[in-house]
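Trainee: Its first residue numbered 74, the sequence shown is counted upward by one per residue in my numbering.
Glycine included, each C-beta is placed from N, C-alpha and C at the ideal position.
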Amino acid sequence: MRRLERLQSGQEIPYGGDRVAVVPAELAAAFSPGDSLIVVQDTGELLHVPGDVAPIAVGAVDRAAEAFAAIGAVSDDAISDFYGRFAARIEDDATFAPIALANQADVARAQERGRSVTRLVLSDSMRADMVGGLRSWRDAPFGRGRVVETIEHDGWRVDQVMDGLGVVGFVFEGRPNVFADATGVLRGGNTVVFRIGSDALGTARAIVEHALAPALEAAGLPGGAASLVDSPNRAAGWAMFNDPRLALAVARGSGRATSQLGAVARQAGNAVSLHGTGGAWIVAGPDASRDALAAAVYHSLDRKVCNTLNTCCIVAERAGELVPAFLDALEKAGARRGTKPKLHVLDRSVDAVPDEWFDRLVPIARAEGAVDEPQAQRITEGGLGDEWEWEDSPEVTLAIVESVDEAVAWCNRYSPRFVASLVDDDPARQQVFFEAIDAPFVGNGFTRWVDGQYLLDKPELGLSNWQHGRLFGRGGVLTGDSVFTIRSRVTQQDPDIGR
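1) Beta-carbon separation of Ala449 and Val469 under 8 Å?
2) What is the residue span of the alpha helix (DSSP H) that Trp210 lies within?
3) Nearest-angstrom Cα distance between Met235 and Val221?
4) Which residues mark the beginning and the end of the alpha helix (DSSP H) in which Leu334 is found?
5) Quick check: the stretch 276–287 against the stretch 159–175, are at least 3 beta-carbon pairs closer than 8 Å?
6) Would you identify the three-state DSSP class for Phe267, choosing helix, strand or coil?
7) Between Ala357 and Val496, is the Cβ-Cβ spacing less than 8 Å?
8) Check Gln177 in the structure and name its three-state DSSP category.
9) Please identify the residue among Thr223, Ala94, Ile144 whose C-alpha is closest to the C-alpha of Leu559.
10) Since Ser271 and Ala440 should fall inside the 8 Å C-beta cutoff, what is the C-beta to C-beta distance between them, to a whole number of angstroms?
11) Can you tell me whether DSSP reads Glu85 as helix, strand or coil?
12) Based on Cα-Cα distance, which residue from Val556, Tyr487, Leu534 lies nearest to His541?
13) Could you check if Val527 is buried or exposed, using at least 16 other CB atoms within 10 Å of its CB as the buried criterion?
14) What does DSSP give as the partner residues of Met235 in its beta bridges?
15) If we ignore side chains and look at the alpha-carbon of each, how far apart do Ser346 and Leu536 end up?
16) Report the start-end ranges of each alpha helix (DSSP H) in the stretch 274–309 that is 4 residues or longer and not cut off at the edges.
17) Using 8 Å as the threshold, is the stretch 510–526 in touch with the stretch 546–558, meaning 3 or more CB pairs across them?
18) Take the Cβ of Ser561 as the centre, count every other Cβ of all protein chains shown within 10 Å, and call the residue buried at 16 or more, exposed below.
19) Assuming Asn343 and Ile111 form a contact by the criterion Cβ under 8 Å, report the distance between their Cβ atoms to the nearest whole angstrom.
20) Have a look at Val134 and Gly242 and give me their C-alpha separation to the nearest angstrom.
21) Classify Pro568 as helix, strand or coil using the three-state DSSP reduction.
22) Along the chain, where does the alpha helix (DSSP H) that runs through Arg162 open and close?
23) Using 8 Å as the cut-off, can you tell me whether the stretch 264–281 makes contact with the stretch 289–303, which would need three or more C-beta pairs spanning the two stretches below that distance?
24) Among all the DSSP beta bridges, which residues are the ones paired with Leu551?
25) Can you tell me which of the three DSSP states Asp424 falls into?
26) Sort Gln333, Asp465, Val265 by Cα distance to Pro414 and report the nearest one.
27) Just to confirm my understanding: we take Arg409, look at its own chain, exclude 5 residues before and 5 after, and list those with CB closer than 6 Å. What are they?
28) Go through its chain and collect everything with a Cβ distance to Val515's Cβ below 6 Å, but skip five positions before and after it.
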């Protein structure tokens, strides 16, 4: 079997069955024997995996696969013990000290590179959340081996039994607390292999060395049950998701990088859980309370995550009263963070916003630092789907709509179909909204409730939107105990049964 050893600038690479991607000169120059090329069949992107990176990802999956083969013999009590030990080591100040130092070093390096550190800092509250999450898994009911259905036949019986799904591959942004979330899959008899962003890799290594690995060993679990892909190169994530041994590929985050990872995993034959694009929508209806809208906006903009308010639609008949309430809440959300907010206004809705918003220049907190920009700018209808990846300055789109129905149609067309909220006091209108909106998470107030820990008291692996269609057989919150398969076990009482 011949292997790809070199690429040529301008070389044509077929993809998608009837399209061609062209190798750029820089990729051709960088490609060496032993490297590999992943062609994303959805887009034609050419992903270069260096020869020294792929073995790191493959080795981590090797360890997780070997651990899955062994974990069937590990008792549920031993898995509970692992969670308790992991939590205790995070909680213990002496054990945690080197983890804190590693995190401080990661934060300093990221700041030197001009990177945002809002999600990177392992704060006291994040540490407490990790401990709480791990202990919630320790105390969670056992799922593995649970009989979910029994069908009685004449002379024989069928039990439908929950069991582990397999190796879960997990790529997440630089929030160290996600380690606690990811290990939740062990509760159901699965194993996990994960990669964290390069900014937080030092913290991840320290957590593995000082808390995770010792807890696995002390509880008697195989060491590969939770395996880190120890590489700062993002190609390691591509290589991991390209491994068909994954039972499930989970990518946390948003934007192009997450969508790309999902495409790689899908074409490798792996089941995928990701949202790829985030951003919540709030619609203010004809019977919206001014105070309720202001509170929903303010409490949906405390920080930028996937369930942060991104687009607000206000019905035209109430715009004169509700737009000022919206703008005031937006200003207060910025002031809470010591910044000014940024507003994008649909071109046909510009008259609803005072001229001074468009005329004044204000410092907007960007990743590279404060940048003087007009506080409000026009967008076209096609821009309603843009997700604003802001740092400290809350950034939102405003659109005036003729009706709630128009807002629903826009949300279903332009949004990632993720989180939607209708602020309106009419119960009948709320019911119509719930039935018409194509999103897994629907509410009547603030949007930041969409979180596994906050909503279900379970650390989440990730959230899924409906950008690529509705999910089969489960909700949009993926938690450790929702990663399972069903096996059928027959007990035959009559030995003479035959077909």
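Mentor: In short, the structure shows the following:
1) no
2) 197–212
3) 7 Å
4) 329–340
5) yes
6) strand
7) yes
8) helix
9) With the sequence shown as reference, residue 559 is identified as Ile, and Leu is not the correct amino acid for it. The candidate whose alpha carbon is nearest that of Ile559 is Thr223.
10) Wrong, their Cβ atoms sit about 15 Å apart, outside the cutoff.
11) strand
12) Tyr487
13) Just to set this straight, residue 527 is Tyr in the shown sequence, not Val. Tyr527 should be labelled exposed.
14) Ile559
15) 8 Å
16) 274–280, 286–292
17) yes
18) exposed
19) Not really, about 13 Å apart at Cβ, beyond 8 Å.
20) 8 Å
21) coil
22) 149–164
23) yes
24) Gly535
25) helix
26) Asp465
27) none
28) Ala493, Phe507
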